[in-house]
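In the working numbering, the protein residues as written are -14 to 242. The next block holds one structure in the form of structure tokens; read it before the comments.
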Amino acid sequence: MDTLPGLEETAARILEARRVLVITGAGISADSGLPTYRGFGGLYNDELTEDGMPIEVALSGEVMRRDPAITWKHLARIEATCRGARPNAAHEVIAALQERVPTTVLTQNIDGFHRRAGSRDLIEIHGDLFELDCTHCGHHETVADYSQLTVLPPPCPHCLGHLRPRVVLFGEALPRAAIQRLEAVMQEGYDVVFSIGTTSVFPYIAQPFAIAGETGALAIEVNPGDTAVSRHADLRWRSGAAEALTRLWRALGERGN
Ligand SMILES: [Zn+2]
């Protein structure tokens, strides 16, 4: 079993924290069987797609506007890698922690697992593959998976427009509400911050963890390997997310309320 240095100290700090910030990436969903490729590109190994364009172009906001069938085809392939998978113990512990201590979750994942595990105060900075919006009339729906979407792009039930998932495509801006919530959390501060299963290549994912040293927050990294923010961690748990968080939950339970 992996050692989790400072586990007891972490549990104590969490229980007296004004706020906890939990940052997650693809690694947290690895225990659900999802691939941990970095971003969308990993599906394609830097080769051109069959549409004759790099995947970053096929999955761009511009192609979604010009030729949505192409973008949708690739989004559906990404969705297929999630099909049938479920949130795991790590997502469930985070949702349960939110019931006990004020906790904000910042995720770059688009698999919707934090939402399905019951998390609130959730910042899905890259969106959610299963929240669909009409590009024309404002119709919105949440789908469990894409199995009902027989025509791509799926037509809107209310107008002649079509639907698209609420995800940040290449070339598109991050969602304003997510940015505003993140800025507010960073301004209010947090006493404990986790970076779980992310290589932290995006500055808005790395920065809230990297500044912990200046603010006095306890910074814990949960990742089997080294990442861009490892040097900012007070504690490094070289473990899978589900195992580490299950043991953290046990340590919290032993301390009671
Ligand atoms: Zn519509």
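Ideal Cβ placement from N, Cα and C applies to all residues, glycine included. Please read all numbers here as calculations on a predicted model, not as lab measurements.
query: Cβ atoms of Ala(-3) and Arg240: under 8 angstroms apart, would you say?; result: yes
query: Report yes if the C-beta of Gly46 is less than 7 angstroms from at least one heavy atom of ligand 1; otherwise report no.; result: no
query: Is it the case that the CB of His125 approaches a heavy atom of ligand 1 more closely than 7 angstroms?; result: no
query: Could you say if the segment 137 to 148 and the segment 55 to 73 meet the contact criterion of at least three C-beta pairs nearer than 8 angstroms?; result: yes
query: Enumerated in chain order, which unbroken segments of the beta strand (DSSP E) with a length of 3 residues or greater are wholly contained in the segment 104 to 137?; result: 107 to 109, 112 to 119 and 125 to 127
query: Taking a contact to mean a Cβ-Cβ separation below 8 angstroms, would you say Ile205 touches Leu167 in this structure?; result: no
query: Classify Gly97: buried if its beta carbon has 16 or more other beta carbons within 10 angstroms, exposed otherwise.; result: buried
query: Report the CB separation of Ser17 from Asn94 in whole angstroms; it is logged as a contact under 8 angstroms.; result: With 8 angstroms as the limit, Ser17 and Asn94 do not qualify as a contact, their Cβ atoms being about 10 angstroms apart.
query: Just the C-alpha distance for Thr120 and His99, rounded to the nearest angstrom, thanks.; result: 25 angstroms
query: Return yes when the C-beta of His59 is under 7 angstroms from any heavy atom of ligand 3, and no when it is not.; result: Absence of ligand 3 from the depicted structure is noted, with ligand 1 being the only ligands included.
query: Expressed to the nearest angstrom, what Euclidean distance is found between the alpha-carbon atoms of Ala202 and Phe194?; result: 9 angstroms
query: Can you give the Cα-Cα distance for Val274 and Gly146, rounded to whole angstroms?; result: There is simply no residue 274 to check, as the chain begins at -14 and stops at 242 in what is shown.
query: In the DSSP assignment, find the alpha helix (DSSP H) that holds Ala226 and state where it starts and stops.; result: Ala226 to Arg240
query: Buried or exposed for Gln83, going by 16 or more other Cβ atoms inside 10 Å?; result: buried
query: Counting along the chain, where does the alpha helix (DSSP H) carrying Pro72 start and finish?; result: Pro72 -> no alpha helix (DSSP H), and no H or E assigned at all.
query: With distances taken Cα to Cα, identify the nearest neighbour of Ser215 among Arg235, Ile181 and Arg161.; result: Ile181
query: Using 8 angstroms as the threshold, is the C-beta distance between Cys67 and Leu19 below it?; result: yes
query: Do you know whose CA, among Glu116, His76, His125 and Ala191, lies nearest Cys141's CA?; result: His125
query: According to DSSP, Val177 sits in a beta bridge with which residue or residues?; result: Val5 and Leu203
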